[in-house]
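Q: Using the numbering used here, the letters of the sequence shown map in sequence onto residues 807 to 1106. Idealized CB from N, CA, C, for every residue including glycine. Remember, it's a predicted structure, so these values are computed and weren't measured experimentally. Mind looking over this structure? Questions follow.
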Amino acid sequence: MVQRVVKPKTQRSKRYLESRESKLTENTKTAMFIRGGRTSEVVSQTLKDMYFLKKPDAVMFQKKNIMRPLEDQTSLEFLSDRNDASLFMFGSHQKKRPNNVVIGRFFDFHVLDMVELGIEKYKSMQEFHVGKFSLGSKPCLLFAGEAFENEPEYQRLKNLLIDFFRGPVIENIRLAGLEHVLLFTTLDGKIYLRNYKVQMKKSGSRTPRIELEEIGPSVDFSMRRTRLASDDLYKRARQQPKQAKPKKVKNINRDPFGSKLGRIHMEKQDLDKLQTRKMKGLKRKTSDNTDKKVEAKKVR
């Protein structure tokens, strides 16, 4: 069967198809927030707060969608293709799995990774009567706990959370732009999410004194089920085109502290022709004259 290539008939459809093509530098990833067939007040409020943290790169679905992400991914992949979204958060509430949240991401509009989390304890942003951060600001992500470094499932979860909340890629950072911090901590099989606002106060010097004020949401998660991609598929999803990779410069590397080190290749130096500092005491003529005077005294 011969597959025909359908060409766009209007400029609008042409621009739309060009925007969906692969790019060397990908756009900021959009996240979908989906409510299941049955949700509790805790799940609904969690999705709203996470949607606020992810704005403006987020889509909130108002209607309920009856689906089971870990059993059947067809509906999720359809919504991903329809909304051009690479991330999703799905909330549901069942007797077997109460206050359930599934976080996942797509690769080529197919589900790559999914992690199911249970909400053990929740405190919304409305319960913290403090000032909030600016909408769309890039958060500072912090991870604490040995599980994020040693256990494979938590390592993949850490990578997923970074992918979910990192926001747009920027080149320069302004100190006043660091407004809030997202802290993820693992302890005894639980995952604790805390959100802080950065307060810069006077310190008597040019560098301000930093204080953190909790602004919510505050969530205690427990990991339930995971559906992670294989190592080959995960490696393929992380591949970068050759054009996007920075060109390697010879004889230049960096140490663990980020300092730039370079290696210089030089020819062997001839020390006989080395120009030294010109001083009267180092002149050869004066030394020859003194030797002649010493010999004349000996002769006498």
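Three Cβ pairs or more, each shorter than 8 Å: is that satisfied between the stretch 1002-1019 and the stretch 900-917?
A: no
Q: Which runs of the beta strand (DSSP E) fall wholly inside the stretch 1012-1036 and span at least 3 residues, in chain order?
A: 1015-1020 and 1024-1033
Q: Can you give me the C-alpha to C-alpha distance between K1054 and Y960, rounded to a whole angstrom?
A: When the Cα atoms are used, K1054 and Y960 turn out to be separated by approximately 32 Å.
Q: Between the alpha carbons of S846 and T852, how many angstroms are there, rounded?
A: Cα to Cα, the separation comes out at about 10 Å.
Q: Hey, quick one: how far does the alpha helix (DSSP H) through F970 stretch, first residue to last?
A: Segment P958 to F971, the alpha helix (DSSP H) holding F970.
Q: Looking at the structure shown, is M807 part of a helix, part of a strand, or coil, going by DSSP?
A: Residue placement at M807 cannot be trusted, given a pLDDT of 48 that sits under 50; the coordinates are not used to answer.
Q: Using only the alpha-carbon positions, how far apart do K1048 and T831 sit?
A: 12 Å
Q: Would you say L876 faces chain D, with C-beta separation under 8 Å as the test?
A: In summary, chain D is missing from the structure at hand, where a single protein chain is found.
Q: Taking S1024 as the reference, which of L823, M1072, Y928 and N965 has the closest Cα?
A: Y928
Q: Can you tell me where the alpha helix (DSSP H) holding N889 begins and where it ends?
A: T880 to N889
Q: In chain order, what residues of the same chain have a beta carbon less than 7 Å from the beta carbon of H899, not counting five sequence neighbours either side?
A: R844, T845, S846, V849, N905 and N906
Q: Do the stretch 1036-1044 and the stretch 912-931 touch if we need at least three Cβ pairs shorter than 8 Å?
A: The stretch 1036-1044 vs the stretch 912-931: in contact.
Q: Beta-carbon separation of F970 and A864 under 8 Å?
A: no
Q: Might you give, ordered along the chain, the residues of its own chain that have their beta carbon closer than 6 Å to the beta carbon of M873, omitting 5 neighbours on each side?
A: S881
Q: From the DSSP output, read off the bridge partner residues of E922.
A: E922 is bridged to V908.
Q: Assuming R1032 and V921 form a contact by the criterion Cβ under 8 Å, report the distance between their Cβ atoms to the nearest whole angstrom.
A: The question names Arg, yet the displayed sequence has Thr at residue 1032. That belief holds up - the Cβ atoms of T1032 and V921 are roughly 5 Å apart, short of 8 Å.
Q: Do I1021 and Y1002 have their beta-carbon atoms positioned less than 8 Å apart in this structure?
A: yes
Q: Could you tell me whether the Cβ atoms of F884 and G842 are closer together than 8 Å?
A: no
Q: For M856, count the other beta carbons within 10 Å of its own beta carbon; 16 or more makes it buried, fewer makes it exposed. Which is it?
A: buried
Q: Between which residues of its own chain and R821 is the CB-CB distance below 8 Å, once the five residues before and five after are set aside?
A: none
Q: On the DSSP bridge list, what partners appear for I1058?
A: G1068
Q: Excluding five sequence neighbours on each side, which residues of the same chain lie with their C-beta closer than 7 Å to the C-beta of R962?
A: D919 and L1034
Q: With distances taken Cα to Cα, identify the nearest neighbour of D994 among E957, I1058 and D887.
A: For D994, the closest of E957, I1058 and D887 by C-alpha to C-alpha distance is E957.
Q: So the candidates are S1028, H986 and I840; which of them puts its Cα closest to the Cα of K870?
A: I840
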